[in-house]
Ligand SMILES: [Zn+2]
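Residue numbers (my numbering): 2 to 609.
In structure tokens form, the structure reads like this:
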């Protein structure tokens, strides 16, 4: 008889933040057995050593307590003399509100399986039962299948399925809708300024649009777990559920709400891209150590790309929202000197020690595979459309990978990605991959955007905040920012700062900025040319209003508590205002690409 596994989770005193977990294994053969707890959770590429929260581990068989040998930080051994049932009990402290972590307090319980469930080695493929013993009135919500005759009993196909199904238990609100006859729940823990009806309708629209792209929804039911708290904590994707941590007042104004929708669209898109379309090392998972992947630019970056694009296609973003967002991200990418140092495939490989372990010099030495991956996805999509006269697109690449591998639960060798692009694009993409994915060549956005009849414009604008309240008008932000006269630039110190007690604390000193080797991260700037500053925005505004590039300024700062000064010659700031606009004339292919790509009519540019 095959062994059986059943976990029971109870939370006797939520205020102590401790989960009591019991694992009953039936029909376990006699011999030596190993238990382990993951060191990371899929989707979040950081070694988190969840075992640091586990305590009071005990194993018994026939009411006899067995000896447990602690063999490694996340691994325990025990031995049974007879085949039969074994009972494993332990407790887990959970008081981390992040989406990749676990939390238990007076208001709810939330867990990521990787933090809670021990794996009995060799039995990773066994189906697992999970019983949740919740306090009265607390309801579980999860992507796991619920037992029809026991409201607190769930079933996972195997250990991977259990780990990939976070659980929210509490008195949350639940919104529901169906798409293709499949039930979807939106579970809200916490409250904010959300409009729940609109939120459910918009999420439904995201589900429909992305489902249409792939020709259907590959699950029986889907659960969105939304945590509304005092800060945004991002999102984590799962097989048929997601968890998003949203700052509770992010639902207004519209600009912030669009960010909420892009997070949800990103996490939902992952159910295809990464959960089903993935290289072979990303499932089944090795939970004991880092899993090195060179494709995160496609798995995360392209997911970002499609989050924005599907919001546009669904009509939740206007063309203007879409293109101005794209221009902003190009500006962010171009501001990172690290783009000349780290390639996308290196950024992916090193995510464990670089993206997830950032430090003050990271912007100078690394590039985000989200940010550049999204932008390279844009260019790759446009390049495929151009080469195939818009018969194919990046959609075709993802759909093909899904049909060949993803829908059957198969991973693929990493080299398959470029091969599939070349197959869809009907030509070699060696040069494209060499320059922008494995190399650090600057991405020529103008070149790719022109395929869709678009031009990228770079300018300086004096932010509206530089003017007093008496100058402010009730118009859009873009119009309030004033263009800087032709031939003029804005002055730049080449640093990023954060506010700290009326000071501007240096967080980054750019390697291509004039303050390099003069200002260090941690320096607290207190005065400019002898006059006190009131923080980062005051410093930036004073520079813009009173100084020009090429001019020396004296910066006074505290370094490790000692007052020092440096004379710094201001440089030209990078362009702070990028816009993407239709070209005055466009060929019929340019118009076709624009229309099909953005699901919009070609706009006749206003003649100037
Ligand atoms: Zn993601």
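Yeah, the Cβ is synthetic: ideal placement off N, Cα and C, and Gly gets one too. Please read these numbers as outputs of a predicted model, since none were measured by experiment.
Practice task
Please state if the CB of residue 362 and the CB of residue 507 are separated by a distance shorter than 9 Å.
Solution key: Cβ distance not < 9 Å, so residue 507 and residue 362 don't count as in contact.
Handout entry: Candidates 542, 8 and 349, of which the one nearest residue 132 by Cα
Key = Nearest C-alpha to residue 132: 8.
Exercise for the section: Could you tell me whether the Cβ atoms of residue 424 and residue 401 are closer together than 9 Å? Expected result: Inclusion of residue 424 and residue 401 in the CB contact set at 9 Å is warranted, their separation being smaller than that value.
Handout entry: Beta carbon nearer than 6 Å to a non-hydrogen atom of ligand 1
Key = If you measure from each CB to the nearest heavy atom of ligand 1, the residues under 6 Å come out as 238, 267, 271, 301 and 304.
Practice task
For residue 20, write down the residues that DSSP places opposite it in a beta bridge.
Solution key: Looking at the DSSP assignment, residue 20 forms a beta bridge with 93.
Practice task
Mind listing, in chain order, the continuous beta strand (DSSP E) runs of no fewer than 3 residues lying wholly within the segment 120-203?
Solution key: The segment 120-203 contains these whole beta strand (DSSP E) runs: 129-134, 140-143, 154-157, 168-171, 174-180 and 183-190.
Problem - Counted within 10 angstroms of its Cβ, other Cβ atoms place residue 202 as buried (16 or more) or exposed - result: It counts as exposed.
Problem - Cβ neighbour criterion (16 or more within 10 Å) applied to residue 354 - result: With fewer than 16 Cβ atoms within 10 Å of its Cβ, residue 354 is classed as exposed.
Problem - Span separating the alpha-carbon of residue 268 from that of residue 236 - result: Between the C-alpha atoms of residue 268 and residue 236 there is a straight-line separation of about 7 Å.
Handout entry: Same chain only: Cβ atoms within 7 Å of residue 13, ignoring 5 sequence neighbours per side
Key = Contacts found: 21.
Handout entry: Contacting residues, own chain, Cβ-Cβ under 7 Å from residue 517 (five flanking each side not counted)
Key = For residue 517, same chain residues with a beta-carbon under 7 Å away, outside a window of 5 residues either side, are 495, 510 and 511 in chain order.
Handout entry: Cβ-based burial, residue 589 [other Cβ within 10 Å; buried from 16]
Key = The residue in question, residue 589, is exposed, as its Cβ has fewer than 16 Cβ neighbours within 10 Å.
Problem - Assumed close pair residue 635, residue 271 - CB separation to whole angstroms, cut-off 8 Å - result: No information on residue 635 is available, as it lies outside the stretch 2 to 609 that the chain covers here.
Handout entry: Where the beta strand (DSSP E) containing residue 60 begins and where it ends
Key = Bounds of the beta strand (DSSP E) holding residue 60 are 55-62.
Problem - C-beta atoms of residue 211 and residue 311 nearer than 9 Å - result: Yes, these two residues count as a Cβ contact at 9 Å.
Handout entry: Same chain only: Cβ atoms within 7 Å of residue 389, ignoring 5 sequence neighbours per side
Key = So the qualifying residues of the chain are 426 and 427.
Problem - Nonlocal neighbours in the same chain, by C-beta distance under 8 Å from residue 138, ignoring five residues either side - result: Here the set comprises 172.
Practice task
Have a look at residue 369 and residue 348 and give me their C-alpha separation to the nearest angstrom.
Solution key: Cα to Cα, residue 369 sits roughly 7 Å from residue 348.
Handout entry: residue 417 versus residue 274 - alpha carbon distance
Key = Roughly 15 Å between the two C-alpha positions.
Exercise for the section: Could you check the C-alpha separation between residue 198 and residue 439 for me, to the nearest Å? Expected result: Roughly 45 Å separates the two Cα atoms.
Practice task
Report yes if the CB atom of residue 163 is closer than 9 Å to the CB atom of residue 190, and no otherwise.
Solution key: The beta carbons of residue 163 and residue 190 sit no closer together than 9 Å.
Practice task
Would you give the residue range spanned by the beta strand (DSSP E) that residue 112 belongs to?
Solution key: Boundaries of the beta strand (DSSP E) around residue 112: 109-112.
Practice task
Sort 136, 30 and 538 by Cα distance to residue 465 and report the nearest one.
Solution key: Ranked by Cα distance from residue 465, the options 136, 30 and 538 are led by 538.
Problem - Euclidean distance between Cα positions of residue 41 and residue 32 - result: Roughly 28 Å separates the two Cα atoms.
Problem - From 50, 49 and 23, residue whose alpha carbon lies closest to that of residue 58 - result: Looking at the Cα atoms, 23 is the closest of the given residues.
Exercise for the section: Leaving aside the five residues before and after residue 454 along the sequence, list all residues of the same chain whose C-beta is less than 8 Å from its C-beta, in chain order. Expected result: Closer than 8 Å at the Cβ level, and outside the excluded window around residue 454, lie 583, 584, 587, 588, 591, 592, 594, 595 and 603.
Problem - Whole-angstrom distance between residue 196 and residue 250, CA atom to CA atom - result: Those two C-alpha atoms are separated by around 11 Å.
Handout entry: Simplified DSSP state of residue 13, which is helix, strand or coil
Key = Secondary structure at residue 13: coil, using DSSP grouped into helix, strand and coil.
Exercise for the section: May I ask you to list the residues that DSSP assigns as paired with residue 1? Expected result: Lying outside 2 to 609, the shown extent of the chain, residue 1 is not represented and no answer is given.
Practice task
Under 8 Å by Cβ, that's how I've got residue 115 and residue 207 pegged, so tell me the actual separation to the nearest angstrom.
Solution key: Between residue 115 and residue 207, the beta carbon gap of about 27 Å keeps them out of contact (Cβ cut-off 8 Å).
Handout entry: Span of the alpha helix (DSSP H), counted from its first residue to its last, around residue 322
Key = Run containing residue 322: 320-335, per the alpha helix (DSSP H) assignment.
Practice task
Rounded to whole angstroms, what's the CA-CA distance from residue 63 to residue 28? Just pull it up for me.
Solution key: Looking at the two C-alpha atoms, the distance is approximately 12 Å.
Exercise for the section: Have a look at residue 122 and residue 157 and give me their C-alpha separation to the nearest angstrom. Expected result: Residue 122 and residue 157: Cα-Cα distance of roughly 17 Å.
Problem - Residue span of the alpha helix (DSSP H) that contains residue 571, given as start and end - result: Taken as a continuous stretch (DSSP letters only), residue 571 belongs to no alpha helix (DSSP H), as it is neither H nor E.
Problem - Residue environment, residue 513, which counts as buried when at least 16 other CB atoms sit within 10 Å - result: Exposed: under 16 other Cβ atoms inside 10 Å.
Handout entry: Contacts around residue 546, its chain only, beta-carbon distance under 8 Å, and the 5 residues preceding and following it disregarded
Key = Result list for residue 546: 467, in chain order.
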